[in-house]
């Protein structure tokens, strides 16, 4: 017999009569550091593939590591741009929005075109797409 699935909903408010707030610290890792780590994984898999016979099981294993890393790079950048554009910018005043766009659009545009297109739903269906540069235009923040 299967256990019933428990669903947790995200709570956006705290109780108004909370007598003792709980402090916590959020550690933010720079986007470039995360991208560099994933790039190293892709490079490591690519170098391993060069050393192996193309029909070996280890070659296919390294190939899937490479494809997964490339898919992750493209998806991470696209999702990051989308979340900033959709969730964070609209709550800022217009002047700050303009300053953020002027400062970060060139950076995100460069990142956007550096990594592959990932408009498919997972790395398996993107096998050919993740080996090519992006086709879609960068729309900006």
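In my numbering, the protein residues as written are 9 to 149.
Ideal placement from N, C-alpha and C gives every residue a C-beta, glycine not left out.
Fair warning: this is a prediction, and the values are worked out from it, not measured in the lab.
Proximal residues to residue i (C-beta, below 7 Å), its chain only, five neighbours per side dropped
i, result
"residue 78", "50, 124 and 138"
"residue 113", "148 and 149"
"residue 97", "105, 108 and 149"
"residue 115", "none"
Nearest candidate by alpha-carbon position, reference residue i, set the options
i, options, result
"residue 84", "113, 120, 145 and 148", "120"
"residue 94", "44, 135 and 148", "148"
"residue 122", "96, 37, 107 and 43", "43"
"residue 53", "38, 126, 108 and 71", "71"
"residue 57", "48, 46 and 74", "74"
"residue 76", "91, 90 and 46", "46"
"residue 135", "82, 91 and 86", "82"
"residue 90", "35, 146 and 41", "146"
"residue 87", "140, 39, 110 and 111", "39"
Host alpha helix (DSSP H) of residue i (start-end)
i, result
"residue 71", "65–91"
"residue 59", "39–59"
"residue 105", "102–122"
Cut-off 6 Å between Cβ atoms - residues of its own chain near residue i, not counting five sequence neighbours on either side
i, result
"residue 60", "66 and 67"
"residue 142", "121 and 125"
Report yes or no: do the stretch 97–117 and the stretch 57–73 share at least 3 C-beta pairs separated by less than 8 Å?
no
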